[in-house]
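Visitor: After the structure tokens below, expect a handful of questions from me.
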Amino acid sequence: MVKLNKIYTRTGDDGTTALVTGPRRLKHDLRVDAYGTIDETNSAIGIARLHTGEMPELDAMLMRIQNDLFDLGADLAAPETGEVLSYEPLRVIEAQVDRIEKEIDQLNADLDPLKSFILPGGTPAAAYLHLARTTSRRAERIMVELSRFDGEEVGEPALKYVNRLSDFLFVAARHANDGGKADILWVPGKNR
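If you want it as structure tokens, here you go:
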């Protein structure tokens, strides 16, 4: 379990931060950027949850996802190096991917098919879920870029999870928009 007694350590004053496995990286390093953007996504979901109190099933799903995102951050902060460690690093696993897929299907089952793209908005919950969706897409882009560098492994389940996450958040936003009835549809060329 994580134990934090002191919040500031001054060790990052030089522009670096420590990975779980010990090495220090620059704060603008792609790996740090990846788990930092996952943290941003988690924060946006937290704001969305301020507006999901009347949707307890969705709120519970979002709370599980917030916990998963800490797992994902821990996974990214402990890169696979091939070295033997004194502990087993926390990794995102296929069961987490499977669960989020089932929840996507569950939320999507009652939604009407789309006839156009959706403009982010509608209810406050939906608007914040769209913000979380776009932030998670940015995290995914960073994770994919990171995974292309030699020695910068990103687990396949982690990449699958972040890809499904944006799909989940899209469907969740529609669900929060009165089952899609309050979705704001894009009208191509409407304001020409």
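Numbering (this note's numbering), first residue to last: -1 to 190. Yeah, the Cβ is synthetic: ideal placement off N, Cα and C, and Gly gets one too.
1) For Y33 and A107, I'd like the C-alpha separation in whole angstroms.
2) To the nearest angstrom, how far is it from the Cα of Y126 to the Cα of M141?
3) Given a threshold of 16 other Cβ atoms within 10 Å of its Cβ, counted over all protein chains shown, does R146 qualify as buried or as exposed?
4) Helix, strand or coil: how does DSSP classify L183 here?
5) Residues in its own chain within less than 6 angstroms of M59 by CB, not counting five upstream and five downstream?
6) Among all the DSSP beta bridges, which residues are the ones paired with I98?
7) Compare the C-alpha of A42 against each of L109, A137, L112 and name the closest.
8) Between which two residues does the alpha helix (DSSP H) holding L129 run?
9) Per DSSP, I116 is paired with what?
10) Taking the alpha-carbon of G177 as reference, which of A124, T39, D96, D73 has the nearest alpha-carbon?
11) What number of angstroms, rounded off, separates the C-alpha of R135 from the C-alpha of L105?
12) Taking E92 as the reference, give the member of G149, R162, E78 with the closest Cα.
13) Cα separation between L88 and Q94?
14) Can you give the Cα-Cα distance for D148 and H49, rounded to whole angstroms?
15) Tell me where the alpha helix (DSSP H) around E150 begins and ends.
16) Can you give me the Cβ contacts of L109 inside the same chain, cut-off strictly under 8 angstroms, excluding the 5 residues immediately before and after it?
17) Rounded to the nearest angstrom, how far is the Cβ of V90 from that of G44, given a contact under 8 angstroms?
Guide: Quick look at the numbers:
1) 32 angstroms
2) 22 angstroms
3) exposed
4) strand
5) E101
6) Note: I98 sits in no beta bridge, so no partner.
7) A137
8) 122 to 145
9) L183
10) A124
11) 20 angstroms
12) R162
13) 13 angstroms
14) 42 angstroms
15) Element bounds for E150: n/a, residue is neither H nor E.
16) V169, R172, H173, G177, G178
17) That pair is no contact at about 20 angstroms.
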